[in-house]
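A short write-up of the structure that comes next.
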Amino acid sequence: MNTFKWLLKREFWEHKGGFLWLPIIVGALMITLTVISLGIAVSGVKGGMEINGVAVSSFADIVTPEKRAAFASTIVANYTKLTMPIMIAFGICVFFFCLGALHDERKDRSVLFWKSLPVSDTETVLSKVAMAIGVAPLIALAAASVTAIITALLICAAAAIAGVNIFAEVLSDPATYLAPLQLVAMLPIYALWALPAIGWLLMVSAWARSKPLLWAIGVPLLTGALLSWANGMFRFDWNMGWFWKNIVGRLLGSILPGAWFSQQGQGLPGAGDASASAVLGPALSQSWQLLADANIWIGVAAGAAMIYAAIRLRGWREEG
Amino acid sequence: MSAVISAKGLTKRFGKTIAVDNISFEIPAGRIVGLIGPNGSGKTTALKAILGLTPFEGTLSVLGLDPRTQRDELMQQVCFIADVAILPRWLSVGNAVDFVAGVHPKFDRAKAERYLASTKLKPSLKVKEMSKGMVVQLHLALVMAIDAKLLVLDEPTLGLDILYRKQFYQHLLEEYFDENKTIVVTTHQVEEIEHILSDLMFIRDGKIVLSSTMDDVGTRFVEVMVPAEKADAARALKPIDERQVFGKSVMLFDGVPRETLATLGETRTPGIADIFVATMKGTYA
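Chains as they are written, first to last, in my numbering: chain A, -7 to 312; chain B, 1368 to 1652.
Here's what the structure looks like:
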């Protein structure tokens, strides 16, 4: 277990830029943009800025407690939207992390150093999996939560300047504190859902002698294109939509956090709803309902098989 | 356990090419073995087989373990430097020491730090900021602090200047080697390591063409400076190499008694480089 801890640290040292600094920088950018647009709105230069559909210039209208409560919860509901840029950045990072994880070390021959230490291929590959579906998403979620809370407080401050004090409503809304936990509670679903993509990318990374990106994207896309062509040409009447969604989509797309919502075909539940608990609550339960579906478990099995293949490939693939 | 490495019929094919051709050898404990061969002779492949980095045919036992199936246990006892400057570029000196200390039960952190203190390497320095020689210093500091029974070095000093090369082998001998350890080393700079070797192995086209202790090499091979009038008599003893220096023939003999040769001219013990060149004649022809 001690070895595993050091392997995770080693991954963190190597990928600090993508897994730590990138979410922080994206979060900082979002906060900066919020400050600028709020500043403009409050100073009344344009006066037309809207916060969740409520124009800042009409803040004065929010006088009744009901209206204030509703406004406060829209701010908290923003949470999901606020995490999106950071989650997308994280998804791209993890994609390239997995793709390079077992390829780059062969390319620069540093695999010869790692293999000179008493660390098995299994431990090494599993540490990379744990980084991709455990440590890295936790860091991204932490950055997203901090960004969301700072943004909510900034909006409150802007509202206060405009004459409406909603600090109490926002800070006493349980959703403010529940939202980060609800997002963390979706992490196990992400881990399971992303496993086929993680496995596929690690396997290609361990197998490809060069250009892992081309193999990782090219093989599923070309297979899909060829099958679609054959299907159209010879009228096999295959369900190509199924192939694109369940094979290509799961091998590549599943790595994006929340990808399962589009797979479930319903989109994010309650997206148009006003309150945070109305968005995240159903999203959370809808996510966990996936476990009742065979789809996710077939994906987990395929992912585990490909991770096993990556472990074996690392054992026998020579560098260079 | 008698032999540290024991190979029987070790063979490795890459497609139709045979890199290592049915070789058998034994390396006992407490030796420093030089594995010498021209480029492409199969020495790196043989070392990779020993280290469990490549599949092979035949039987091979390293410290009583099979490198193919028991690699994880093997790496507790074996350490290696395969090629120069292969440490990952993002790694810093401090991280490297921390990591090896974290994963290797036989790593002596104080020893590594003592050695590093004698160099210009600072803990925050990253591999990408180092010269090739400094990377090798760091790698050596890590490896020397590991109490391994077998150390395999594959061209550890290739491309380094003479100061780094001398320092490398000096540290290895003074601060690392003892009678419980075994070192297998390959290099092209034969003359620089001959004084530290206890055993010598020449490999050519995947076969071992010479395997001997250094003491035996000293008695087996004799070089004689033969004046022109005795040249024919000397050639009758079948020298393995002959070259002309200042009108005299310098001949290299294998297994001819020194007393016999002394009658033909001035004798001396040849360097390994001379024996190597004579043995490998025609390799690239």
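Ideal Cβ placement from N, Cα and C applies to all residues, glycine included.
Note that this is a predicted model, so its numbers are computed, not measured.
Who are the Cβ neighbours of residue i in its own chain at under 8 Å, not counting the five residues just before and after it?
| i | result |
| --- | --- |
| residue 1491 of chain B | 1459, 1460 and 1461 |
| residue 138 of chain A | 19 |
| residue 1387 of chain B | 1377, 1378, 1379, 1409, 1412, 1413, 1416, 1423 and 1573 |
| residue 6 of chain A | none |
| residue 307 of chain A | 113 |
| residue 290 of chain A | none |
Pick from the options: whose alpha carbon is nearest that of residue i?
| i | options | result |
| --- | --- | --- |
| residue 30 of chain A | A:148, A:175, A:187 and A:281 | A:148 |
| residue 1599 of chain B | B:1534, B:1615 and B:1477 | B:1615 |
| residue 1654 of chain B | B:1584, B:1477 and B:1380 | The first residue shown for chain B is 1368 and the last is 1652, placing residue 1654 of chain B beyond what the model contains. |
| residue 1535 of chain B | B:1546, B:1505 and B:1514 | B:1505 |
| residue 244 of chain A | A:90, A:278 and A:116 | A:90 |
| residue 101 of chain A | B:1531, B:1455 and B:1465 | B:1455 |
| residue 1419 of chain B | B:1393, B:1437, B:1430 and B:1425 | B:1437 |
| residue 14 of chain A | A:82, A:33, A:23 and A:73 | A:82 |
| residue 1539 of chain B | B:1529, B:1515, B:1525 and B:1511 | B:1511 |
| residue -3 of chain A | A:111, A:65 and A:26 | A:111 |
| residue 9 of chain A | B:1375, B:1545, B:1451 and B:1457 | B:1457 |
| residue 196 of chain A | A:301, A:66 and A:56 | A:301 |
| residue 66 of chain A | A:128, A:78 and A:162 | A:162 |
| residue 87 of chain A | A:16, A:72 and A:189 | A:189 |
| residue 247 of chain A | A:155, A:210, A:79 and A:95 | A:79 |
| residue 141 of chain A | A:129, A:210 and A:68 | A:68 |
| residue 176 of chain A | A:184, A:129 and A:187 | A:129 |
What does residue i pair with, by DSSP beta-bridge criteria?
| i | result |
| --- | --- |
| residue 1592 of chain B | B:1617 and B:1633 |
| residue 288 of chain A | Beta-bridge pairing links residue 288 of chain A to no other residue. |
| residue 1611 of chain B | B:1616 |
| residue 1429 of chain B | B:1372 and B:1432 |
| residue 1605 of chain B | Answer is none; residue 1605 of chain B lacks a bridge partner. |
| residue 1474 of chain B | B:1513 |
| residue 113 of chain A | Beta-bridge pairing links residue 113 of chain A to no other residue. |
| residue 1380 of chain B | B:1385 |
| residue 1521 of chain B | B:1449 and B:1553 |
Quick one: what's got a C-beta closer than 6 Å to residue i's C-beta in the same chain, skipping five residues either side?
| i | result |
| --- | --- |
| residue 1569 of chain B | 1403, 1576, 1577 and 1646 |
| residue 1639 of chain B | 1557 and 1561 |
| residue 1467 of chain B | 1474 and 1509 |
| residue 303 of chain A | 113, 114 and 117 |
| residue 40 of chain A | In this predicted model, residue 40 of chain A has a pLDDT of only 49, less than 50, meaning its place in the structure is not dependable; the value taken from the coordinates is given anyway. Contacts found: none. |
| residue 1520 of chain B | 1448 and 1552 |
Please classify residue i as buried or exposed, where buried requires at least 16 other C-beta atoms within 10 Å of its C-beta.
| i | result |
| --- | --- |
| residue 305 of chain A | buried |
| residue 1473 of chain B | exposed |
| residue 1618 of chain B | buried |
| residue 28 of chain A | exposed |
| residue 70 of chain A | buried |
| residue 1434 of chain B | buried |
| residue 1373 of chain B | buried |
| residue 222 of chain A | exposed |
| residue 1513 of chain B | buried |
| residue 1595 of chain B | exposed |
| residue 166 of chain A | exposed |
Over what stretch of residues does the alpha helix (DSSP H) that includes residue i continue unbroken?
| i | result |
| --- | --- |
| residue 1537 of chain B | 1529 to 1538 |
| residue 79 of chain A | 71 to 93 |
| residue 1554 of chain B | Premise fails: residue 1554 of chain B is in no alpha helix (DSSP H) and is neither H nor E. |
| residue 1462 of chain B | 1460 to 1470 |
| residue 1638 of chain B | No alpha helix (DSSP H) holds residue 1638 of chain B; DSSP gives it neither H nor E. |
| residue 191 of chain A | 179 to 199 |
| residue 255 of chain A | 251 to 255 |
| residue 139 of chain A | 128 to 153 |
| residue 103 of chain A | 103 to 106 |
| residue 282 of chain A | No alpha helix (DSSP H) holds residue 282 of chain A; DSSP gives it neither H nor E. |
| residue 29 of chain A | 14 to 35 |
| residue 232 of chain A | 232 to 235 |
| residue 164 of chain A | 159 to 164 |
| residue 2 of chain A | -6 to 6 |
| residue 211 of chain A | 204 to 226 |
Residues in its own chain within less than 7 Å of residue i by CB, not counting five upstream and five downstream?
| i | result |
| --- | --- |
| residue 3 of chain A | 119, 120 and 123 |
| residue 1637 of chain B | 1588, 1590 and 1619 |
| residue 12 of chain A | 131 |
| residue 1452 of chain B | 1499, 1502 and 1503 |
| residue 1554 of chain B | 1522, 1524 and 1560 |
| residue -5 of chain A | 111 and 115 |
Could you check where the beta strand (DSSP E) with residue i kicks off and where it finishes?
| i | result |
| --- | --- |
| residue 1580 of chain B | 1574 to 1580 |
| residue 1391 of chain B | 1384 to 1395 |
| residue 1567 of chain B | 1566 to 1571 |
| residue 1447 of chain B | 1445 to 1449 |
| residue 1401 of chain B | 1399 to 1403 |
Does the beta-carbon of residue i, which I'm using as the reference point, lie nearer than 8 Å to any heavy atom of the ligand PLP?
| i | result |
| --- | --- |
| residue 1404 of chain B | As presented, the structure is devoid of all ligands, the ligand PLP included, so that no description of it is given. |
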